[in-house]
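In terms of numbering that gives the first Met the number 0, the sequence shown has 53 at position 54, counting the first letter as 1, and numbering is strictly consecutive. Using N, Cα and C, we set each Cβ at its ideal position, and we do this for glycine too. This one's a predicted model, so the numbers in the text were calculated from it and none came from an experiment.
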Amino acid sequence: MDKPVLQVRELRIGLRDDSAVNLVHGVNFDIARGERVGLVGESGSGKSLLSLSIMGLQPTAIEVRSGSIRVSDHEVVGQNEKYLDTLRGRTMSMIYQDPMSSLNPVRSVGNQIVEAIRAHDSGSRAVARRVAIDLLGSVGVRDPHRTVDNYPHEFSGGMRQRVMIAMAISCEPKLLLADEPTTALDVTTQAKIIELLDDLVDQRGMSVIFVTHDIALAASFCSRIDVMREGEIVETQPTAKLVAAPRHPYTNALLAAICTFDTDPNRPLLSPIVDTGTEGGNSA
0 MDKPVLQVRE LRIGLRDDSA VNLVHGVNFD IARGERVGLV GESGSGKSLL
50 SLSIMGLQPT AIEVRSGSIR VSDHEVVGQN EKYLDTLRGR TMSMIYQDPM
100 SSLNPVRSVG NQIVEAIRAH DSGSRAVARR VAIDLLGSVG VRDPHRTVDN
150 YPHEFSGGMR QRVMIAMAIS CEPKLLLADE PTTALDVTTQ AKIIELLDDL
200 VDQRGMSVIF VTHDIALAAS FCSRIDVMRE GEIVETQPTA KLVAAPRHPY
250 TNALLAAICT FDTDPNRPLL SPIVDTGTEG GNSA
């Protein structure tokens with residue numbers, strides 16, 4: 000049986016200058032080859048911090064205090080930047096939620112993709128450019144032979160996100176982390192990006208962590224959902240089972256908060272998330 004692509008064990012993450020506060024505590028989970036896992040929770044639950052830590056990109060004020068993160072059997076915790084750079088791109092890669100702040104505004108998108116490719120491939124720039132053009136075409140960027148030389152501001156929000164996806168998959172990573180990749184997009188564009196990710200993941204056999212506050216969006220894409228609250232994973236279930244019969248009160252509250260167009264005039268369109276009374280928070 001294949002080893003998991005990702006193994007996280009007893010992970011604790013906290014503030015460097017406050018040893019009493021853990022922002023993520025005691026997290027354990029695995030992701031198998033080709034599995035799509037939704038990491039769901041409200042803002043501040045720790046889901047983005049967890050995904051950044053898997054990449055070794057947590058903010059300087061944050062430290063991984065203990066535990067293990069293994070990606071394709073490579074340990075991430077405690078490694079230096081030079082070693083992590085060998086993993087980022089080819090072993091694991093990330094799609095960020097705001098492409099305008101993630102892409103360099105003064106470099107063409109083609110040059111940025113070429114740079115990502117050549118960081119892990121000793122081939123010529125000309126070959127990397129041809130790969131970049133093919134990648135842009137594969138993610139639905141129009142007229143890639145011409146737009147490869149365009150700058151980020153010349154693309155729409157949806158097209159910029161497609162560029163980010165092309166860059167993220169350019170070195171064929173085994174694990175793809177998508178951190179709120181559709182947050183800044185309208186509903187129609189959001190659906191197109193999810194459809195694109197769906198096709199690319201199937202074609203390339205990647206494992207995916209899909210980070211989102213939108214449990215309905217996660218359910219449309221993921222085979223399993225892990226629900227985070229106050230730095231802990233409080234529930235893990237296959238998507239269909241979690242939606243049909245959530246076990247944790249917080250999961251139930253997240254599902255109840257989904258905006259619907261119910262025909263019952265006495266039912267509110269949006270149910271608030273209330274305190275479930277469960278313990279959690281910032282204890283060590």
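- In the assembly as shown, E231 is a buried residue. Its beta-carbon has 16 or more other beta-carbons within 10 Å.
- Residue burial is scored here from C-beta neighbours: P104 has fewer than 16 other C-beta atoms within 10 angstroms and is therefore classed as exposed.
- By the criterion of at least three beta-carbon pairs nearer than 8 Å, the region 42-50 is in contact with the region 18-34.
- Exposed is the label assigned to K240, since fewer than 16 other Cβ atoms lie within 10 Å of its Cβ.
- In the assembly as shown, P58 is an exposed residue. Its beta-carbon has fewer than 16 other beta-carbons within 10 Å.
- Within the region 71-101, complete beta strand (DSSP E) segments of at least 3 residues are found at 91-94, given in chain order.
- In terms of CA proximity to L184, L216 leads the group V200, G204, L216.
- The criterion of a C-beta distance shorter than 7 Å is satisfied by V226 and V39.
- Judged by their CB atoms, T90 and V113 are not nearer to each other than the 7 Å cut-off.
- Within the same chain, V108 come within 6 Å of V162 by CB-CB distance, once the 5 residues on both sides are set aside.
- The criterion of a C-beta distance shorter than 7 Å is not satisfied by T211 and E234.
- Sorting S67, D142, S169, G33 by C-alpha distance to the C-alpha of Q111 places S169 at the top.
- Counting every other CB atom within 10 Å of its CB across the protein chains shown gives S206 a total of 16 or more, marking it as buried.
- Excluding its 5 nearest sequence neighbours in each direction, A31 has C-beta neighbours in its own chain below 8 Å: D1, P3, V4, S206, listed in chain order.
- E194 counts as exposed, since fewer than 16 other C-beta atoms from the protein chains shown sit within 10 angstroms of its C-beta.
- Ranking E229, I208, D213 by CA distance to the CA of S222 puts I208 first.
- Annotated as distal: G66 and L83, with beta-carbon spacing of 7 Å or more.
- When DSSP states are grouped into helix, strand and coil, N21 belongs to the strand group.
- In this structure, H144 lies near I132, with their beta-carbon atoms less than 7 Å apart.
- The alpha carbon of R35 has as its nearest neighbour, out of K173, A190, V186, the alpha carbon of K173.
- Under the criterion of beta carbons closer than 8 Å, L253 and V242 do not qualify as touching, at roughly 10 Å.
- Sequence-distant Cβ neighbours of N79 in its own chain, meaning closer than 6 Å and more than five residues away, do not exist here.
- The beta-carbon separation of V63 and L10, rounded to 7 Å, stays under the 8 Å limit for a contact.
- If you draw a 10 Å sphere on the C-beta of R246, you find fewer than 16 other C-beta atoms in it, and that means exposed.
- For T181, the secondary structure class from DSSP, reduced to helix, strand or coil, is coil.
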